[in-house]
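See structure below.
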Amino acid sequence: MSDILWPAGFVPGFTDNYVSNEVIVPGLTSGDVWPFLVQPSLWPSYYDNASDVEIHGGNGPELALGDTFFFRTFGFPVPARVVECVPPVEGQAARIAWHGWAGDVGAEDRLDVHHAWLIEDLSYGRVRILTQETQNGAPARELANARPNPMINGHQDWLNGLVQAARNAKQ
């Protein structure tokens, strides 16, 4: 199976916080799931922890490599830039990743994240959806020590909603 491609400074094990969530479900393909992930205006319809989504520069509705966008999540206003975007192609995993941040550079409350997604068609009509995020900064250290971990639970909600949205659209 494929794995996430990590940029320098965001490799798991060397960051302040890291979370990983994955589902493997039957009856869906990467092509069924992709539109619901690459169109951030749809996120609030299936994920309660995303709001106020905007794609900048007149781009959209689908995210593309280099696009900048904004959304609110986990109580943070998050400007972000798409740093990887590979749509589904037969025999290859679909990928999207963004660098997001909150706060001013150098500020004590600065948060920097790399949030990556991988959607991969598997044998027997299954699809694998993997999302992983690494974070740096004081807010990341606080999140890493929270129990239960809000990032793990929140991203699982995102995965579950994404799967349900794709299933609903397929029916």
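Quick note: the sequence shown uses this note's numbering, first residue -17, plus one each step. No residue lacks a Cβ here, since even glycine has one placed at the ideal position from N, Cα and C.
Nearest residue (CA-CA) to residue i, options the options
| i | options | result |
| --- | --- | --- |
| S12 | L112, N41, E36 and P26 | L112 |
| L(-13) | L125, H96, E124 and Y106 | H96 |
| L144 | D30, P61, R129 and D(-15) | D30 |
| A122 | F(-8), S(-16) and D(-15) | F(-8) |
| H81 | D103, P(-11) and M(-17) | P(-11) |
| G73 | C67, V87, E102 and P61 | E102 |
| I37 | V60, Q146 and Y28 | V60 |
| Q138 | N127, P69 and E115 | E115 |
| R63 | P69, P70 and F51 | F51 |
Beta-carbon gap between residue i and residue j smaller than 9 Å
| i | j | result |
| --- | --- | --- |
| Q21 | L47 | no |
| R77 | L10 | no |
| W140 | W25 | yes |
| A79 | L93 | no |
| F18 | A148 | yes |
| E4 | R110 | yes |
| S23 | P43 | yes |
Helix, strand or coil at residue i according to DSSP, with G and I counted as helix
| i | result |
| --- | --- |
| E36 | strand |
| N127 | helix |
| L100 | strand |
| I(-14) | coil |
| P70 | coil |
| D94 | strand |
Classification of residue i by the beta-carbon crowding that lies within 10 angstroms, buried from 16 upward
| i | result |
| --- | --- |
| Q117 | buried |
| Y106 | exposed |
| G39 | exposed |
Is it true that the segment 52 to 62 meets the segment -1 to 12, where meeting means three or more beta-carbon pairs spaced less than 8 Å apart?
no
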